[in-house]
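For reference, the structure discussed in these notes is given below.
Residue numbers (the working numbering): 17 to 165.
In structure tokens, the structure reads:
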């Protein structure tokens with residue numbers, strides 16, 4: 017195992033343990049969805065309890081740091097890094113992770129083109145690893161830019 021792989025494993029486990037510590041009661045599923053670019057992040061936590069309810073559970077304040085560190089650690093030169101990631105935990109503590117390196121994470125509200133450009137500057141991708149949707153977003157004018165007809 018490389019040092020980078022060990023760091024990735026440690027960060028994903030740290031996030032998983034933070035999620036487990038945040039949830040009280042008899043839970044069936046803990047689902048953390050993260051959308052991240054270099055200038056913005058959106059983390060959403062959904063918990064399903066065994067009685068079928070889904071209480072509001074505050075995100076642990078410290079969870080953002082390992083999420084951002086993981087994104088940085090998972091960067092591969094020319095390939096980029098993930099746009100969204102999902103932690104799905106099921107009893108007794110089974111953790112499934114998925115990373116989206118290629119698909120539009122569908123931000124609402126939409127991010128300005130400058131956010132996508134800043135992310136590409138921070139995590140460069142070779143042309144062959146540039147999704148079509150990202151090319152479109154990068155070409156969009158920023159809010160306030162004039163569009164020539």
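All C-beta atoms in this analysis are idealised placements derived from N, C-alpha and C, irrespective of residue type, glycine included.
When the Cα atoms are used, what is the spatial distance from residue i to residue j?
i: residue 152; j: residue 128; result: 12 Å
i: residue 186; j: residue 98; result: Since the displayed the chain opens at 17 and closes at 165, residue 186 lies outside it and no answer follows.
i: residue 20; j: residue 91; result: 10 Å
i: residue 146; j: residue 17; result: 28 Å
i: residue 43; j: residue 157; result: 45 Å
i: residue 73; j: residue 150; result: 33 Å
i: residue 34; j: residue 89; result: 19 Å
i: residue 67; j: residue 39; result: 14 Å
i: residue 87; j: residue 144; result: 20 Å
i: residue 77; j: residue 37; result: 12 Å
i: residue 114; j: residue 130; result: 26 Å
i: residue 142; j: residue 30; result: 31 Å
i: residue 159; j: residue 109; result: 44 Å
i: residue 56; j: residue 69; result: 30 Å
Consult DSSP for residue i and reduce its assignment to one of helix, strand or coil.
i: residue 34; result: helix
i: residue 6; result: For residue 6 there is no data in the structure shown, the boundaries of the chain being 17 and 165.
i: residue 165; result: With a pLDDT of only 45 at residue 165, under the threshold of 50, the placement of this residue in the model should not be trusted; the figure read from the coordinates follows. Residue 165 falls in the coil class under three-state DSSP.
Quick check on the burial criterion: 16 or more other C-beta atoms within 10 angstroms. Buried or exposed for residue i?
i: residue 199; result: Because the chain is modelled from 17 through 165, residue 199 falls outside the range shown and cannot be assessed.
i: residue 82; result: buried
i: residue 94; result: exposed
i: residue 41; result: exposed
i: residue 96; result: buried
i: residue 61; result: buried
i: residue 119; result: exposed
Across the region 35-55 and the region 95-105, are there enough close Cβ pairs to call them in contact, namely three or more that are closer than 8 Å? Verdict: yes, contact present.
Counting only runs that start and end within the region 127-151, where is the alpha helix (DSSP H) found for 4 or more residues in a row? 129-138, all fully within the region 127-151.
Could you tell me which uninterrupted beta strand (DSSP E) segments, each at least 3 residues in length, are contained entirely in the region 52-139, listed from first to last along the chain? 56-65, 100-106, 110-116
With a cut-off of 8 Å, do at least 3 Cβ pairs link the region 70-86 to the region 118-138? no
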